[in-house]
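Residue numbers (this note's numbering): 156 to 516. Even for Gly, the Cβ is constructed at its ideal location relative to N, Cα and C. A quick note: this is a predicted structure, and the numbers were derived from the prediction, not measured.
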């Protein structure tokens, strides 16, 4: 069978987008008695997809809707899973609250972007649902105290095929997504798209490219350097795909931008930064902290940490510039792979897009 090209691959929707659409339908019916079907939402980048409802249910004190997730041509573990939103009135003054329904995990360890004890619903999906709820309660003139319970059918079983357990997320899956869209790139097609991006940039005589691990770092680095869209490479986890190609097809200047964990893995020599194919070495991080003067307690805490972000927080509290050092180490590794024709610098951003470390001071 002929393999599909990148352009032929069908994009899909994240669990966060599905949860947002189900929440909008459920809350609309809670106040109006009618479920919008299909239900349309606005994604972070402005797209407005419509979702068909799989089920709808109205009770005396709740409203529930579900959507079957379509991940497109991506081999997503949650493809065709039922994402369920149940909404109720919250207690007075509680505001908008999120709960983990059946199949959605709960955070039990520090170091993740969600607090311990909270439902494993990541910040962007929370924001998307908050915006939808705010819009609806204004439309109907209702109280802003709403409880949203998100569930995923068979989520606890599906979560066994993810890293959730190791990260301390128990009971099910995480509700994820930063753009609302699942991009169905296989490794080969993703790397091919990186190479084509470099080719286009060279053809347009661009001298400075930025390769980013995700949308947050891409937006941040583009703003810092005022780079055109053509200069932005969607590197994702494939650092090797960028650096090895640049060795044969160089540009004068490359900035690599990403989160602390992924840049740490690059600094440790990994060319594939995916969580399933490379891991952060906490002993290595402890050794780096030692060069900055860390005491024995901090080094021990680092070796026993759950996530790289947790270590970064420890270093901040100790007023040690670990992120800068990791960026410098990553620059050394990247420069060695790409060769001397490419000047490389590294920027590390937190999940909010704030710069926390850089290789060039």
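Reference residue i; option with closest CA among the options
i           : options               : result
residue 368 : 314, 428 and 337      : 428
residue 371 : 411, 360 and 170      : 411
residue 493 : 217, 231, 404 and 336 : 404
residue 333 : 216, 373 and 490      : 373
residue 477 : 230, 353 and 440      : 440
residue 266 : 175, 195, 509 and 468 : 468
residue 423 : 387, 328 and 486      : 486
residue 379 : 212, 513, 185 and 197 : 513
residue 282 : 331, 298 and 346      : 331
residue 386 : 393, 360 and 394      : 360
residue 433 : 392, 346, 233 and 294 : 392
residue 259 : 357, 328 and 358      : 328
residue 317 : 231, 390 and 451      : 231
residue 475 : 491, 261 and 511      : 511
Local Cβ density within 10 Å of residue i, reported as buried at 16 or more and exposed below that
i           : result
residue 507 : exposed
residue 406 : buried
residue 272 : exposed
residue 484 : buried
residue 249 : exposed
residue 279 : buried
residue 132 : There is no way to answer for residue 132, as the model of the chain reaches only from 156 to 516.
residue 355 : exposed
residue 495 : exposed
residue 358 : exposed
residue 270 : exposed
residue 414 : buried
residue 210 : exposed
Whole-angstrom C-beta distance between residue j and residue i, which should lie under 8 Å
i           : j           : result
residue 435 : residue 416 : 6 Å
residue 504 : residue 466 : Contact doesn't hold; Cβ gap of about 16 Å is too wide.
residue 445 : residue 454 : 6 Å
residue 172 : residue 335 : 4 Å
residue 177 : residue 220 : 5 Å
residue 186 : residue 257 : No, residue 186 and residue 257 are not in contact; Cβ-Cβ is about 25 Å, not under 8 Å.
residue 251 : residue 285 : 5 Å
residue 376 : residue 418 : Contact flag wrong, Cβ pair sits at about 12 Å.
Pair within 9 Å by beta-carbon distance, residue i and residue j
i           : j           : result
residue 339 : residue 228 : yes
residue 326 : residue 264 : no
residue 193 : residue 183 : no
residue 409 : residue 498 : yes
residue 396 : residue 425 : no
residue 447 : residue 470 : yes
residue 276 : residue 295 : no
residue 301 : residue 214 : no
residue 242 : residue 174 : no
* At least 3 beta-carbon pairs within less than 8 Å: the region 282-290 vs the region 217-226 -> no
* Asked: Does the pairing of the region 310-320 with the region 356-365 give three or more beta-carbon distances under 8 Å?
  -> They do not touch, by the three-pair rule.
* Is it a yes or a no for the region 167-176 touching the region 201-215, going by three-plus beta-carbon pairs under 8 Å? -> yes
* Asked: Would the region 458-469 and the region 391-404 be scored as touching if the rule is three or more Cβ pairs under 8 Å?
  -> no
* Asked: Is the region 230-241 touching the region 294-307, taking contact as three or more C-beta pairs under 8 Å?
  -> yes
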